[in-house]
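Numbering of the sequence shown is given in my numbering, commencing with residue 3 and proceeding in unit increments. Think of the CB as a built atom: it goes at the ideal place given N, C-alpha and C, for glycine as much as any other residue. Each remark here refers to the structure printed beneath this line.
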Amino acid sequence: MEHFHDIRVAIAKGRILEQLVPRWTKAHLPWPIEPESRQLWFSGDDAGPGAMIVRGPDVPTLVARGAADLGIVGTDLLVERGIQGVLEVGDLDLAECRVVLAGTSGKRPDGPFRVASKYQKITRDYLDRNHFQADIVRLSGSLELAPLIGLAAYIVDIVETGETLRQHRLIEIETIMPSHACLIANPAHWRAKPEVVTIRDRLVQHLA
Ligand code: PRP
């Protein structure tokens, strides 16, 4: 039987962490994270790898630096950050959502406008592709507030069920890109540690 105790997986907190548990256990990996705990590092045991819980944008950083062997993060964040220093080694059909342009009217902008987003690159590329003239207001979260308080007429944000948009009377105008959870690996560890490949295989083979 394989031993995974010296393997570390960095998991993006939020919807990926919430949706990962059944996939992880189907892959016959013991889930190391204690619910209700405020701990950020769970060392696992012989049968399962250790897991660290981090903010999504930090997952590629930890993996690129070798602090984690494997990372589980949304493709939205990989596109936003680029994949320098990491290998994309698999897709998981969970945390499926989309990055969208949304606004109060549901109409495409027809003049210069302001758009709030935490996705600087994705938003800039989208604006350029569409020849839109817009200022990007950079926020780290609570994007839906921006139109309500007159900060920006539009937002570029992630949508899953659409409930958060509805609650703020915002209307989805256009999908910019789909997103789902994916697996990334540290290139050197991917080659040197066969257990990393085994964990990837197990997680990917147990697609629901
Ligand atoms: C995202 C997004 C919305 C919400 C959309 O936030 O910013 O607030 O999820 O989900 P829904 O369509 O199912 O309502 P997230 O919880 O990912 O955290 P964030 O504030 O870090 O973006």
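{"Query": "My output table needs one value for tyrosine 156: the three-state DSSP class, helix, strand or coil.", "Result": "strand"}
{"Query": "Which residue spans inside the region 31-107 form an unbroken alpha helix (DSSP H) run of at least 4?", "Result": "60-66 and 77-83"}
{"Query": "Does the beta-carbon of threonine 163, which I'm using as the reference point, lie nearer than 7 Å to any heavy atom of the ligand PRP?", "Result": "yes"}
{"Query": "With hydrogens ignored, establish whether the beta-carbon of glycine 143 is closer than 7 Å to any heavy atom of the ligand PRP.", "Result": "yes"}
{"Query": "Should valine 23 be labelled buried (16 or more other beta-carbon atoms within 10 Å of its own) or exposed?", "Result": "exposed"}
{"Query": "Whole angstroms are fine: how far does the CA of leucine 205 sit from the CA of proline 62?", "Result": "18 Å"}
{"Query": "In angstroms, rounded to a whole number, what distance separates the CA positions of glutamate 146 and glutamate 162?", "Result": "14 Å"}
{"Query": "Could you check if isoleucine 160 belongs to the surroundings of the ligand PRP, using beta carbon to heavy atom distance under 7 Å?", "Result": "yes"}
{"Query": "Whether or not the region 185-195 and the region 59-79 are in contact is what I'm after, with contact meaning three or more pairs of Cβ atoms, one per stretch, closer than 8 Å; do they touch?", "Result": "yes"}
{"Query": "With distance defined between alpha-carbon atoms, name the residue in Val198, Ser181, Gly152 and Ile201 nearest to glycine 76.", "Result": "Ser181"}
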